[in-house]
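Below is one structure; the comments refer to it alone.
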Amino acid sequence: MIAVELHKLFRRPRTWTTIAVLNALPLLVAVLLQLTDLAPRPGEGPPFLSAVLTNGTLFPLAALAIVLPLFLPIAVAVVAGDSVAGEAQAGTLRYLLARPAGRTRLLVAKLVSVFAFVLVTVVVVAAVGYVVGTTLFEAQPIAGTSVSGSTLTPEELTGRTVLAIGYVTVSMLGVAAFALFFSTFTDSPLGATLGALAVLVTSSLLFTLDAASPIAPYLPTRYWLAFVDLFRDPILWRDVVRGLALQGVYVGVLLTAAWANFTTKDITS
Amino acid sequence: MVASGYGAARRWAVVAVLAGVLLALPSVVGALPASDADVPAPQLRADALASADVAFSGYAESAGGLTLPVGDRLSRLSDLVSDRTLMRVWDAGPDRRRVDVLAAGGETGYHADGAGGWVWEYEDARATRTAPSPLSLPTPPDLLPTSLGRRLLSEAADEELSRIGARRVAGRDALGLRLVPWAPAAAVERVDVWVDAASGLPLQVQVFGAADVPALDTRYLDLELGSPDPAVTSFVPPPGARVALDRERDLLEQADRRIARVPLPAELAGLPRRTIEGAPAAVGLYGRGVTLLAAVPVAGRLARDVAGTLRASPEAVDDGRGLRVAAGPLGLLVLDPPGEGAWLVAGTVTLDALAAAAAALPPPAEEG
């Protein structure tokens, strides 16, 4: 069933259209930087964007930072929100459940396909970012200066980039879990997507308020940018570990709730 | 097959229990009781002051609630006492220390060595070599609980100290020490310092003015004892960085030559005069401990500039005894009599004490 769901997801043109659109913004930024030679100062704008004019190999990180606050969560919410509610809206859910596999296995299959989408999307953004960065900008050997001012070897920089890709992927799993959870409650994919996005907008807004500081450590978007800490020297693991744990809690609770709801609700469409 | 009503209830009960356990976990961990120890206040102060050589690494947060009406001229200082500052620390003693001030997309690193230090600013890709300076504006490392706690306790009298129980700070048992300054001019109502029971390191410092909430609250969130790796504390400017030399000491020497000296009273607002080696002789420094006052002769043009900023504050008092503003326990006064010279007076004293100081100051000299 998992193979079927993966096959369905990656055969849909809209999946790849979503991924392509997601790559358009970093590409536009790269072209503008190349044409104008005007990079933001270090510490301003998306992380690492300041360094790409002199070292294009850092553009995968800048590309992830560009799409992370808004575009990536929207793409993930759209796909995850559609996973169950889309079948219900199309009237195919009851036929899927007519198979002897059962609801739990269907939910797990949907879950795995959404997680696969998140991973593929993040890797594609990073890969396209690398190609764009090394094509449009001066490509130094893969080495560089850490945020702390020390020099990173090629091995260190490559390892940390892989860790950053993994961290961003895990951060998006929380978004996917929210959308999948809402998707089991409604027959409207749009409703499920908007529900997940509403949670993220609320979280981002509350994070800026001092009055909300007691609950800030529990906001789903709180540690998203902690992947920058992977490029400090030594690596600052504190927020990275907290970010992973927080996403783990959201994913665990929401998927358990999605399972409890999906396996007990009446399916009419 | 849809689960029965009983099955549905059981499944939702699993969700509720899982969510409940995860939600309660931070509160349970946070509620772990602290173990108090029968250490008298003067001994605890001595332990804190003796901890300067204790090596450690940590992660600290400083939160200030002071809005300094100083405009853009001293925006870094203003941000320091009004914002939340996150810092990583590796401390192997005064001659080998690194403090990184963390921002979401950047970092400023302060590396101290025996002969001064380096300041690395990622935002500007700039490394600045600094020399030890007897007098300088506060920087984030000065707000670390260890630095601030020892500084505030260094001149406290035993009679000003008392014990206030214990609490958990950075996952460690911290013994409470309260400092209530006796000076009538003091604007600081009290300072609570929470000292690590095992090492004597100050783990949290809270400075209170008249309000119930601290004007400044700085604490370690993580702390680990042990000497940090020398490779972590050392610094070499990276390739491509702009390297600069800090001119603060030169400016101080220049100020010492340029500021005209006038005879200053031995006491201001009931606070005795004190001297700091290397500070410009024309600047009057008064008080001790947490009750300090500085009187600086400045050019009239600069004074009028500062006065313009102070007047914008709704708290400003201008009753002919000098333009005064209080920001929590910090007070600022501009005294600008007719002529070219003026006085800028600042300190952790009340507005009345500032007015009394202004009345006792001699006429300012013309700028040299």
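Taken in order, these protein sequences are the chains called A and B.
Take the first sequence: its position 62, counted from the start at 1, is 1466 in our numbering, and no numbers get skipped.
Take the second sequence: its position 314, counted from the start at 1, is 320 in our numbering, and no numbers get skipped.
Backbone N, C-alpha and C fix where the C-beta goes; we use that ideal spot for every residue, glycine too.
The structure displayed is predicted, hence computed values, not measured ones.
Nearest CA to the CA of residue i: which residue from the options?
i, options, result
"residue 228(B)", "49(B), 67(B), 61(B) and 25(B)", "67(B)"
"residue 377(B)", "72(B), 53(B), 138(B) and 43(B)", "This structure does not reach residue 377(B), given that chain B is present from 7 up to 374, and the question cannot be answered."
"residue 1674(A)", "1508(A), 1643(A), 1664(A) and 1603(A)", "Since the displayed chain A opens at 1405 and closes at 1673, residue 1674(A) lies outside it and no answer follows."
"residue 1475(A)", "1627(A), 1563(A), 1642(A) and 1529(A)", "1529(A)"
"residue 50(B)", "175(B), 84(B) and 205(B)", "205(B)"
"residue 90(B)", "343(B), 110(B), 99(B) and 100(B)", "110(B)"
"residue 1433(A)", "1575(A), 1449(A), 1617(A) and 1653(A)", "1449(A)"
"residue 1421(A)", "1525(A), 1487(A) and 1468(A)", "1525(A)"
"residue 97(B)", "38(B), 184(B) and 117(B)", "117(B)"
"residue 160(B)", "48(B), 55(B), 185(B) and 24(B)", "55(B)"
"residue 221(B)", "197(B), 192(B), 230(B) and 107(B)", "197(B)"
"residue 162(B)", "292(B), 184(B) and 245(B)", "184(B)"
"residue 1444(A)", "24(B), 129(B) and 101(B)", "129(B)"
"residue 1486(A)", "1472(A), 1464(A), 1412(A) and 1429(A)", "1412(A)"
"residue 1522(A)", "1569(A), 1459(A), 1588(A) and 1489(A)", "1569(A)"
"residue 1423(A)", "1586(A), 1658(A), 1631(A) and 1478(A)", "1478(A)"
Identify whether residue i lies in helix, strand or coil by the three-state DSSP scheme.
i, result
"residue 1413(A)", "helix"
"residue 290(B)", "strand"
"residue 297(B)", "strand"
"residue 1606(A)", "helix"
"residue 214(B)", "strand"
"residue 1628(A)", "helix"
"residue 346(B)", "coil"
"residue 327(B)", "coil"
"residue 170(B)", "strand"
"residue 1538(A)", "helix"
"residue 1524(A)", "helix"
"residue 101(B)", "coil"
"residue 1433(A)", "helix"
"residue 1660(A)", "helix"
"residue 234(B)", "coil"
"residue 241(B)", "coil"
"residue 165(B)", "helix"
"residue 368(B)", "coil"
"residue 1554(A)", "coil"
"residue 377(B)", "Residue 377(B) is absent from the structure shown; chain B starts at 7 and stops at 374."
"residue 157(B)", "helix"
"residue 273(B)", "strand"
"residue 314(B)", "helix"
Would you kindly work out how many angstroms separate the C-alpha atoms of residue i and residue j, rounded to a whole number?
i, j, result
"residue 203(B)", "residue 171(B)", "12 Å"
"residue 362(B)", "residue 355(B)", "11 Å"
"residue 187(B)", "residue 277(B)", "12 Å"
"residue 1502(A)", "residue 18(B)", "24 Å"
"residue 1546(A)", "residue 126(B)", "For residue 1546(A), the pLDDT reaches just 48, beneath the cut-off of 50, and the residue's location in the model is therefore unreliable, although a value from the coordinates is still provided. Distance between the alpha carbons of residue 1546(A) and residue 126(B): 23 Å."
"residue 103(B)", "residue 326(B)", "47 Å"
"residue 20(B)", "residue 1661(A)", "9 Å"
"residue 238(B)", "residue 148(B)", "20 Å"
"residue 1642(A)", "residue 1665(A)", "34 Å"
"residue 169(B)", "residue 211(B)", "14 Å"
"residue 71(B)", "residue 295(B)", "21 Å"
"residue 1591(A)", "residue 199(B)", "57 Å"
"residue 1417(A)", "residue 1442(A)", "36 Å"
"residue 95(B)", "residue 365(B)", "44 Å"
"residue 123(B)", "residue 1551(A)", "18 Å"
If we count the other Cβ atoms within 10 Å of its Cβ and call it buried at 16 or more, is residue i buried or exposed?
i, result
"residue 1613(A)", "exposed"
"residue 1593(A)", "buried"
"residue 143(B)", "exposed"
"residue 12(B)", "exposed"
"residue 240(B)", "exposed"
"residue 349(B)", "buried"
"residue 1470(A)", "buried"
"residue 1389(A)", "The structure shown has nothing for residue 1389(A), since chain A only spans 1405 to 1673."
"residue 165(B)", "exposed"
"residue 34(B)", "exposed"
"residue 1436(A)", "exposed"
"residue 282(B)", "exposed"
"residue 1506(A)", "exposed"
"residue 368(B)", "exposed"
"residue 29(B)", "exposed"
"residue 178(B)", "buried"
"residue 99(B)", "exposed"
Tell me whether residue i counts as near the ligand NAP, meaning its Cβ is closer than 6 Å to at least one heavy atom of that ligand.
i, result
"residue 313(B)", "This structure lacks the ligand NAP, and indeed carries no ligand of any kind."
What runs of the alpha helix (DSSP H), each 4 residues or longer, lie entirely inside the region 1447-1518 of chain A? Segments of the alpha helix (DSSP H) lying fully in the region 1447-1518 of chain A: 1463-1471, 1475-1494 and 1497-1500.
Give, in chain order, every unbroken run of the alpha helix (DSSP H) that is at least 4 residues long and sits entirely within the region 1561-1617 of chain A.
1593-1611
* To do: Pull out every residue of the region 1455-1481 of chain A whose Cβ sits closer than 7 Å to any Cβ of chain C, in chain order.
  => Absent from the structure is chain C; the protein chains it does hold are A and B.
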